[in-house]
Amino acid sequence: MDRTRIREMITALTRHDYAGMYMNDFLETWHKTDDEVAATFKVADILRAMRESGLSPRIFDSGLGISLFRDNSTRTRFSFASACNMLGLAVQDLDEGKSQIAHGETVRETATMVSFMAETVGIRDDMFIGKGNSYMREVAAALEESHRDGILPRRPTIVDLQCDIDHPTQCMADMLHIINHYGGVDKLKGKKVAMTWAYSPSYGKPLSVPQGVIGLMTRFGMDVTLAHPEGYDVMPEVEAIATENAQAAGCAYKRTNSMREAFEDADIVYPKSWAPFAAMQERSRLYENNDRSGVDALEKDLLAQNARFKDWECTEELMRGTRKGQALYMHCLPADITGVSCGQGEVAASVFDRYRVPLYRQASYKPYIIAAMILLARKADPADTLVRLLEEGRPRVR
Amino acid sequence: MDRTRIREMITALTRHDYAGMYMNDFLETWHKTDDEVAATFKVADILRAMRESGLSPRIFDSGLGISLFRDNSTRTRFSFASACNMLGLAVQDLDEGKSQIAHGETVRETATMVSFMAETVGIRDDMFIGKGNSYMREVAAALEESHRDGILPRRPTIVDLQCDIDHPTQCMADMLHIINHYGGVDKLKGKKVAMTWAYSPSYGKPLSVPQGVIGLMTRFGMDVTLAHPEGYDVMPEVEAIATENAQAAGCAYKRTNSMREAFEDADIVYPKSWAPFAAMQERSRLYENNDRSGVDALEKDLLAQNARFKDWECTEELMRGTRKGQALYMHCLPADITGVSCGQGEVAASVFDRYRVPLYRQASYKPYIIAAMILLARKADPADTLVRLLEEGRPRVR
Amino acid sequence: MDRTRIREMITALTRHDYAGMYMNDFLETWHKTDDEVAATFKVADILRAMRESGLSPRIFDSGLGISLFRDNSTRTRFSFASACNMLGLAVQDLDEGKSQIAHGETVRETATMVSFMAETVGIRDDMFIGKGNSYMREVAAALEESHRDGILPRRPTIVDLQCDIDHPTQCMADMLHIINHYGGVDKLKGKKVAMTWAYSPSYGKPLSVPQGVIGLMTRFGMDVTLAHPEGYDVMPEVEAIATENAQAAGCAYKRTNSMREAFEDADIVYPKSWAPFAAMQERSRLYENNDRSGVDALEKDLLAQNARFKDWECTEELMRGTRKGQALYMHCLPADITGVSCGQGEVAASVFDRYRVPLYRQASYKPYIIAAMILLARKADPADTLVRLLEEGRPRVR
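Those protein sequences? They're chains A, B and C, same order as listed.
The number in our numbering is simply the position in the first sequence, starting from 1, with 3 added.
The number in our numbering is simply the position in the second sequence, starting from 1, with 3 added.
The number in our numbering is simply the position in the third sequence, starting from 1, with 3 added.
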């Protein structure tokens, strides 16, 4: 891409008000203004354009990006590492196994102790309802306090790499994929999105993706339908946000118990398994009480309950019912693919295969989205910084 | 901080003779001259001033900092990583689990094999009396030999990140905290330091902190008292050093079995649990003989012995007996806080809470101390290097 | 080394045709042309000369080097990390334990997901016959496809860090050691190499080193003899390559069942244990069928079989039979040293000790060989790049 075009993108960025992002965190998307969300997309696109044009978007000569993963991860781990690396930060894992955290340290203390040189702390904590997001806020408060006390010269930015409520880096990447797929935010008005549950032989997948999707995609004038079998509700607070968003944007948010109905004329389908909210609450309670046999019984129940909905699969036949039979199929990956990664799963192998390239492109936005979140939080003058980087024109590879 | 002030700090640095630190290690503080110790403090302060003024103190364009942790660690791990990152080194963990070290490799060979691109090797090995420090010296000898043989173009610098004898990065950070707290080394004459044992429900904590403290703080004209219950002696060799130091500095080193006595009129208190030296020797012997039941029996004995000294707690009442009731409370963290991290521990919750900010500040010096140790060992002309960095004025964040 | 000399080395490099290496992988050496192999040696020597002269050979301002180790490793892990660091890449481990790979992801997907910012992917997968190399090719195909599909802006380069067939980074480092030991490729004609089996009390060591050695060293006009007890055959396909190489180079490749015969008048000896090819095939089959008792039985058999050849040890007496009693002793390390790392092993302690310096020097080439492989694959104009680096003269340490 030529530099004139990148320069125009930066000019477009300056039309947004993103001052509130400076030295702030990125947790739920619905706590960011429309301008802030739009600025994040624009910075992500600019960073990508720069990097793919061979320019280095490195803004840090040194500094740490701390990652704390309380659940397994490949994609998000590498996306965070890629974002940090692109901007010049070294990733240091806070491994609760290796460290002394388990030995009774308070969150406040540990958060401060690891952050003397940190610019950002990326956290994944998605396993227990009512825990992950609270933990991130606890860390944020600790960092805020230590900064106020003069201990931390700079207050690191927390990036929510998936919690029990939202998965902002995923859903922002998903949304940017949609925007670029259709050629701009202005092309989305009236598009129909089906965020639907799908069957998976595994159990207990987080609710953060469906919640994140309905909480974000309702802000762009698209009609969003959440479909799931009875009993697979998501958090009511997030549904309330989706409803509010839709009203403000002049579009619809609705819920159905029919996958077919959701797919009908959909422009975009996002079929994905998740656990019922009530069951996840119950599971958190059982774990808290250290009730292992209760957890096992619940798991058995949930698997049996899941098994009643094996027909919630994204098949060729269902895809034919979408807009011109050509809806954009989305997934956060890895998907449970029928006959490939499991006997029966979320999606038919032929559907998945046909959409492999757009699926991988969807995933490719995440490093840039995370980098944009970091840059907007760490620089008081992001647009000027980007112009400076562009003008200096330092090559990424010499 | 303005650059004129930093320039003055560098000028003050040049008055010390630190030539002996070049291409050398940093193990026990008592093997460093007064000038070398002072230079380390000054470089740490300069690096901090530069970084907090937005200047990058990066001296390496590439190079590795190798970390080898034979015991859990959060703070020291992140301090080492921060120091390396600040100077431009990438940290590579030597994980004895993942590697083939367990398979009969000699220390000499492994040390050389991992060091072709290394500038520094940070080692924590504090679990067994008579082992950790020896291991570091074995690694040092191996690196020396491989350098002499022309295998290693540069001989990496070992930084003792805690051994069985000393914990130099901790105690140097502690000392720099004291110096800056009181406004300079010249303000310390006659101050009274109480390094005291304290009760902890856990067992077998290393002796390296109390030993490091009495071995270092006796060099600054402060009266240092080591207090512990009978049977909790530290290594006699280190006490001999403390006594010698005190004589040379015209101050007192003494020992008592009363916490109260040590606290009396103290300016600085450092109450912290440790295991008795003789018991640690015994434990090392038992482990060597693979005598698991002996280890278990010893642990039980030690816990029972500890339990007899539950009144060795840093309470508000004891604090009132210190100088104006306002001694500086110190701890290497994490502390066993009564009613917070354990039922009964080293310090009352209200005391700990009141000192949280200075405690965190104390910890904040460690990355800079480690970076100073590395810089003084890797550059033949540290002061000129710092002047050059200051004049170039490369921003850490662009 | 002065810059004029380095400039001459770069000029010598330009005489080779290495265009085919650009954006390609480095797997088996025999799939590289003589020019490509020679260019790799020359770039390795140039990078070393630059670094040892204090110049930074860093070509990347950012970018990831991904490492995937499916077997333990110290040397190769650090060599890869060193090579990446030298060139400016941050290493990110793909840890199959921490990630979701185990959960049914396809290789194609994972390979793409981790590679958005990757310049190179180093893989060690040497445990099972017929698996490791195939896996690398599967990853390569996935990356190729994702690049063709426009998902990956650059296709990362795979470096084979040891597979079931070859160990190219080891054998190329070994070969460069030989070249520099004798003062140039032109000095090697007629030299005699003995790649021989040796006894080890451990079992199931990969065949990749002996195979890599006979597949590479037969290309330089040296007579190569492979010696092993009956039943310890290597892969016939690799022997066929060795034979072909030797014919093309006008030298001999032969096999013997006598260690003594192989050592006779040898200039270079490389005694090292490995498992019999047929047994490794059998073991792979047993693991595939999850036949644990079969694996245990096979292990027992193999250890018993090994034990019949305890006299295959590189002793002083055998060394005396080599050219002037002074053959260059080589090993990929760690060696099983009799009376040091095991009761009886591959080499007598006195022999090993005498050759420690050349052994360590042999190992020291690996980081540079890997860096050369990466540079030749990532830059369309490696020689110009090196000239530019030389002219800019950026110091590695400021």
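Positions of the beta carbon are idealized from the N, C-alpha and C atoms, including for glycine.
Chain A within 8 Å of residue i, Cβ atoms only
| i | result |
| --- | --- |
| C:MET120 | yes |
| C:ASP128 | no |
| B:ALA47 | no |
| C:GLU112 | yes |
| C:ASP236 | no |
| B:ASP20 | no |
Three-state secondary structure (DSSP) of residue i
| i | result |
| --- | --- |
| B:GLY125 | strand |
| A:TYR185 | helix |
| B:ALA217 | Position check: residue 217 of chain B holds Ile in this sequence, whereas Ala was assumed. Three-state result, B:ILE217: helix. |
| B:HIS106 | The pLDDT assigned to B:HIS106 is 43, lower than 50, so where the model puts this residue is not dependable, and the model offers no usable value. |
| B:PRO337 | coil |
| C:GLN173 | helix |
| B:TYR25 | coil |
| B:CYS87 | helix |
| A:LYS35 | coil |
| B:PHE131 | coil |
| C:ALA351 | coil |
| C:THR17 | helix |
| B:MET4 | coil |
| B:ASP356 | helix |
| C:ILE62 | coil |
Below-8 Å beta-carbon distance, residue i vs any chain B residue
| i | result |
| --- | --- |
| A:PRO156 | yes |
| C:TYR273 | no |
| A:SER76 | no |
| A:THR123 | no |
| C:ARG399 | yes |
| C:HIS106 | Model confidence at C:HIS106 stands at a pLDDT of 44, short of 50, so the residue's coordinates are unreliable; what they give is reported in the following sentence. No, no contact with chain B. |
| A:ASP152 | yes |
Short CB-CB distance (under 8 Å) between residue i and chain C
| i | result |
| --- | --- |
| B:MET117 | Strictly speaking, residue 117 of chain B in this sequence is Val, with Met absent from that position. Chain C contact via Cβ: present. |
| A:GLN165 | no |
| A:PHE44 | no |
| B:ALA176 | no |
| B:ASP294 | no |
Top-ranked residue by Cα proximity to residue i, from the options
| i | options | result |
| --- | --- | --- |
| A:PHE83 | C:MET24, C:THR109, C:SER118 | C:SER118 |
| C:THR32 | C:LYS208, C:LYS192, C:LEU219, C:ARG6 | C:LEU219 |
| A:GLU404 | A:GLY324, A:VAL400, A:ALA386, A:GLY297 | Shown here, chain A extends from 4 to 401; a query on residue 404 of chain A therefore has no answer. |
| C:VAL142 | C:LYS190, C:ILE340, C:ASP163 | C:ASP163 |
| A:ASN136 | A:ARG311, A:GLU395, A:ASP152, A:SER211 | A:SER211 |
| A:SER353 | A:MET333, A:PRO213, A:CYS317 | A:CYS317 |
| C:TRP200 | C:VAL188, C:ILE49, C:PRO279, C:VAL46 | C:PRO279 |
| C:ASP314 | C:PRO274, C:SER287, C:GLN284, C:LYS327 | C:PRO274 |
| A:SER205 | A:GLY346, A:PHE131, A:ARG391, A:ARG8 | A:GLY346 |
| A:SER261 | A:PHE312, A:ALA243, A:PRO213 | A:PHE312 |
Contact belief for residue i with residue j at Cβ below 8 Å, rounded distance in angstroms
| i | j | result |
| --- | --- | --- |
| C:ARG61 | C:LEU90 | 6 Å |
| B:THR407 | B:THR123 | Since the first residue of chain B shown is 4 and the last is 401, residue 407 of chain B is not available in this structure. |
| C:ALA197 | C:ALA230 | 6 Å |
Cβ-heavy atom distance, residue i to the ligand SAM, below 7 Å
| i | result |
| --- | --- |
| A:MET238 | The model on display carries no ligand, and the ligand SAM is accordingly not part of it. |
Anything in the segment 54-72 of chain A with a Cβ closer than 9 Å to a Cβ of chain B? List those residues in chain order, please.
Contact residues of the segment 54-72 of chain A toward chain B are ARG61, ILE62, PHE63, ASP64, SER65, GLY66, LEU67, ILE69 (C-beta to C-beta distance below 9 Å).
Counting only Cβ-Cβ distances shorter than 7 Å, please list the residues of the segment 83-98 of chain A near chain C, keeping chain order.
ALA84, SER85, ASN88, MET89, GLY91, ALA93
Beta carbons nearer than 8 Å to chain C: which residues of the segment 374-394 of chain B have them?
ARG381, LYS382, THR388, ARG391, LEU392
Using a Cβ-Cβ cutoff of 8 Å, what residues of the segment 187-220 of chain A are near chain B? List them in chain order.
none
Scan the segment 350-370 of chain C for residues whose Cβ lies nearer than 9 Å to a Cβ of chain B and list them as they occur along the chain.
ARG359, VAL360, LEU362, TYR363, ARG364, ALA366, SER367, LYS369, PRO370
At a Cβ cut of 8 Å, what residues of the segment 324-346 of chain C count as close to chain B, listed as they run along the chain?
Considering only beta carbons, the part of the segment 324-346 of chain C lying closer than 8 Å to chain B consists of LEU336, PRO337, ASP339, VAL343, SER344, CYS345, in chain order.
Would you list, in chain order, the members of the segment 26-40 of chain B that have their beta-carbon closer than 9 Å to a beta-carbon of chain C?
Listed in sequence order: no entries.
Interfacial residues, the segment 127-149 of chain A to chain B, with Cβ spacing under 7 Å
If the cut-off is 7 Å between Cβ atoms, the segment 127-149 of chain A has SER149 near chain B.
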